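Right, one structure below, let's go through it.
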Amino acid sequence: MKSLWLVTALLAGFIVNFPVTANDDFNSGMDYARGLKGKDLDTFKSFKPADNLPDYSSSPDATKYYGGVQSTGVDLTSPGSNTLNSTEWGKAVTDSISKQPKDMVTADSPFLDNGRNAENNAETVFDPKLCESKEFEKSVFTNYVCDRDLQVQQYCTRTATISGHYEDTTEIKQVVIQSQGIAFASSDSGYTGTWTSPVSGRVVAASATYSWNKHLAFSNPNWFMRVTTPFGLISMDDDTGSPALNSGAKLTEGAKMAFSIRNRNNKPTVDSIWKSSNMRYNFSITLRVEIPSKKWVPDVVWSENCPFDKAEGSLTGTECTEPGGDKTVTVDGKPYTVHQDCWAYRDSYLTQSESEGTCGAYIHNPACNVINQKCVDQGDGACLHANITYSCETKTKGEGQVCGDELFCTDGSCVLDNNGKNDMFAKAASELAAVAAAGKDVAELNSNDVKIFTGKGVSCKKFAAGFSNCCKDSGWGQDVGLASCSSDEKALGKAKEKRLTVYVGEYCSKKVLGVCLEKKRGYCEFDSKLAQIIQQQGRSWQLGIGFGSGSSPDCRGITPEELQKIDFSKVDFSAFYDDLNSGSDIPADNNQMEKMKERMKAMFDQGSSH
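Numbers 43 to 652, taken from the numbering used here, label the letters of the sequence shown in order.
Laid out in structure tokens, this is it:
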């Protein structure tokens, strides 16, 4: 008690003597304390007890009382009493307790004078003439991590190209047969000649013309010719004529057709007459032949490219990416022009709606902004699920005394502001709770294969056609549209709302003829938020140890060696703070400071009453 009063009096005297430099010393002390933050673990790692502790032994006699992590404990009452009564240091402690005189403190003790002077002259610390009260406001930026489904907008392209096909058709071709092209000659069958057909087809019309020098015949019947053709008879009775012939004859390309010539007496003529230069016999046959052919017809063919199954999404829009107009192609030497209003389209499909996931509080907070986004699951080239880091701004207000150009913080808020956070107590308590929970896991194990924060693999179905989604992140208190979801899936939904799960991945669980009819999502579910936080941020994000695949989640526990590698100062425990505050009456930082002030005041009052 005397020592406490001595420290208080000395501190009060120090404030009286150094009012202006107190703030500098305070800031220096805080900077020094921050510099030591995080070095305690490094100090323990590098500490060598044998070099620093006299008579140190790595296997002291007391190790016989330790039974390992599975031990239920050893009663140390009897060994402790024996050691206290039988050892020299034990006897020294006992004698000190019984023989040490009580340290009495009275109101007139001289070492209290400085404290009384500080109390009586407190106004000199902040002279109104030199100092003035001032309120200040600063921004504090805190990072939070969460995860959610992203909106997936995917695209299909449709492109038109000109193709075509041949159709059966016919065409009319004109074939002319000249008498000079037929080699007539005398034979046993008469005066005959042959003509070779250049095409195949059906004769739809036939006509002939002829001419000769009739006036030189002098009505001699031997000079009047009758030409028999495959298409009919040509009677050369006049000096010129154009007789009609028969249609319907079938022509075959390359086939020879017979012609013969007789006179009016029906006797075969001879070369000396037919080929007489004076008579100038000549005939010509014109045929219109219907020939089978192929007609090329242009077609517009649409090709579609979709990197996903359209049945999984809904069409949200279509845009023309290649304006319409005329295009011309040439086939078999003939040009064809085709018109289209649009030659290419891009169709937009919404294949996954975005969810708030565990980011709802930050999405709706206008003071929060996304500073980092990391995709953790992809499908069809699109990011399905991502870890998001938000930076959220909060305003801190404080009071202080401005003396000259120095600000002296009077309510402690400067400490919180410089530290950048106002949840120092919650942060420390969360880390301690995590260690305690890990210890509880270890104590309950009965094997040497120690694993901490073990979870279980769970899944939910997500129909590809979009009719039902048993993997939704929220709204599980309402059963609208969830009739097809199992009780396990509903329990998983509640666990997701409580932030007890880690998303692992999505996979097709039912496929027919290459079409995915049902998808599922795999998760790891843990018993507490602490387990989820350490598993996700420690095991996965820091150590890079994954959780398997969506179809086979690996939710094993963390080994003690892995736990030692996790940097708890980089873990965001903010999701656990609500549970921490609701589970026990833990005072906020400001309340802690107020209670400390009250206790100090009570001690001063108690001292004054003596």
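Don't be surprised by glycine CBs; every beta carbon is placed ideally from N, CA and C. Remember, predicted model here, so these are calculated numbers, not experimental data.
Top-ranked residue by Cα proximity to residue i, from the options
{"i": "Arg598", "options": "Ile494, Lys561 and Ile333", "result": "Ile494"}
{"i": "Lys298", "options": "Pro240, Ala353 and Arg322", "result": "Pro240"}
{"i": "Glu209", "options": "Val500, Ser345 and Trp338", "result": "Trp338"}
{"i": "Ser611", "options": "Asp515, Gly592, Asp596 and Ile576", "result": "Ile576"}
{"i": "Tyr197", "options": "Ile333, Lys106 and Cys348", "result": "Cys348"}
{"i": "Ala537", "options": "Cys566, Cys527, Lys561 and Leu555", "result": "Cys566"}
{"i": "Gly243", "options": "Lys90, Ala291 and Glu396", "result": "Ala291"}
{"i": "Cys445", "options": "Ser120, Cys173 and Glu130", "result": "Cys173"}
{"i": "Ala225", "options": "Trp316, Ala617, Ser101 and Ser433", "result": "Trp316"}
{"i": "Ala353", "options": "Gln394, Gln579 and Gly399", "result": "Gln394"}
{"i": "Ser345", "options": "Ala202, Ile587, Glu604 and Asn94", "result": "Ala202"}
{"i": "Ile587", "options": "Ser594, Ile600 and Leu154", "result": "Ile600"}
{"i": "Asn511", "options": "Ser229, Lys90 and Leu534", "result": "Leu534"}
{"i": "Thr579", "options": "Asn162, Ser593 and Asn429", "result": "Reading the sequence as shown, one finds Gln at residue 579 and not Thr. Nearest C-alpha to Gln579: Asn429."}
{"i": "Val418", "options": "Pro121, Gly132, Trp583 and Leu154", "result": "Trp583"}
{"i": "Ile694", "options": "Asn262, Phe273 and Ala227", "result": "As shown, the chain starts at 43 and ends at 652. That puts residue 694 outside it, with no answer to give."}
{"i": "Cys434", "options": "Thr360, Ser591 and Ser181", "result": "Ser181"}
{"i": "His655", "options": "Cys527, Val373, Lys532 and Pro310", "result": "Only positions 43 to 652 of the chain appear in the structure, and residue 655 is not among them; the question remains open."}
DSSP state of residue i mapped onto helix, strand, coil
{"i": "Leu392", "result": "strand"}
{"i": "Gly590", "result": "strand"}
{"i": "Lys538", "result": "helix"}
{"i": "Lys309", "result": "coil"}
{"i": "Asn156", "result": "helix"}
{"i": "Ile600", "result": "strand"}
{"i": "Glu161", "result": "helix"}
{"i": "Leu275", "result": "strand"}
{"i": "Ile315", "result": "helix"}
{"i": "Ser123", "result": "helix"}
{"i": "Phe295", "result": "For clarity, residue 295 is Glu in the given sequence; the question names Phe instead. Of the three classes helix, strand and coil, the one that applies to Glu295 here is coil, per DSSP."}
{"i": "Lys133", "result": "helix"}
{"i": "Asp547", "result": "The amino acid at residue 547 is misidentified as Asp; the sequence shows Gly. Three-state result, Gly547: strand."}
{"i": "Ser100", "result": "coil"}
{"i": "Tyr323", "result": "coil"}
{"i": "Asn288", "result": "coil"}
{"i": "Ser229", "result": "strand"}
{"i": "Leu31", "result": "Past the edges of the chain, shown from 43 to 652, lies residue 31, and the structure says nothing about it."}
{"i": "Thr203", "result": "strand"}
Beta-carbon spacing of residue i, residue j below 8 Å
{"i": "Asp368", "j": "Ser205", "result": "no"}
{"i": "Glu213", "j": "Ser318", "result": "no"}
{"i": "Ser14", "j": "Glu548", "result": "Not covered by the structure: residue 14. The range shown for the chain is 43 to 652."}
{"i": "Ser302", "j": "Thr234", "result": "yes"}
{"i": "Arg563", "j": "Lys504", "result": "yes"}
{"i": "Ser356", "j": "Tyr378", "result": "no"}
{"i": "Asp609", "j": "Asn185", "result": "no"}
{"i": "Asp189", "j": "Tyr545", "result": "yes"}
{"i": "Thr199", "j": "Ala409", "result": "no"}
{"i": "Ala179", "j": "Thr438", "result": "A quick correction: the sequence has Glu, not Ala, at residue 179. The answer is yes: Cβ separation under 8 Å."}
{"i": "Val194", "j": "Thr431", "result": "no"}
{"i": "Val312", "j": "Lys215", "result": "no"}
{"i": "Ser249", "j": "Ser284", "result": "yes"}
{"i": "Leu258", "j": "Met321", "result": "yes"}
{"i": "Asn324", "j": "Ser221", "result": "yes"}
{"i": "Phe266", "j": "Asp279", "result": "yes"}
{"i": "Lys540", "j": "Ser551", "result": "no"}
{"i": "Asp383", "j": "Gly399", "result": "no"}
{"i": "Glu603", "j": "Leu585", "result": "no"}
{"i": "Val269", "j": "Leu329", "result": "no"}
{"i": "Thr296", "j": "Thr251", "result": "Correcting the residue identity first, residue 296 is Gly in this sequence and not Thr. Cβ distance not < 8 Å, so Gly296 and Thr251 don't count as in contact."}
Cβ distance (whole Å) where residue i is taken to contact residue j below 8 Å
{"i": "His427", "j": "Asp191", "result": "6 Å"}
{"i": "Thr271", "j": "Ser253", "result": "The pair is not a contact, with the Cβ atoms about 16 Å apart (cut-off 8 Å)."}
{"i": "Leu542", "j": "Lys571", "result": "7 Å"}
{"i": "Leu293", "j": "Ile327", "result": "With 8 Å as the limit, Leu293 and Ile327 do not qualify as a contact, their Cβ atoms being about 12 Å apart."}
{"i": "Cys558", "j": "Asp351", "result": "6 Å"}
{"i": "Arg388", "j": "Thr358", "result": "About 12 Å; that fails the 8 Å criterion."}
{"i": "Asn305", "j": "Asn264", "result": "5 Å"}
{"i": "Ser397", "j": "Asp515", "result": "4 Å"}
{"i": "Ser277", "j": "Ala247", "result": "Rounded, the Cβ-Cβ distance is 20 Å, inconsistent with contact."}
Legend entry - Completely contained beta strand (DSSP E) runs for the region 233-269, where each covers 3 or more residues: The qualifying runs are 243-253.
Legend entry - Inside the region 349-420 only - beta strand (DSSP E) runs reaching at least 3 residues: Entirely contained in the region 349-420, the beta strand (DSSP E) runs reaching 3 residues are, in chain order, 356-373 and 376-394.
Legend entry - Complete beta strand (DSSP E) runs within the region 551-584 (minimum length 3 residues, chain order): Here the runs fully enclosed are 557-567.
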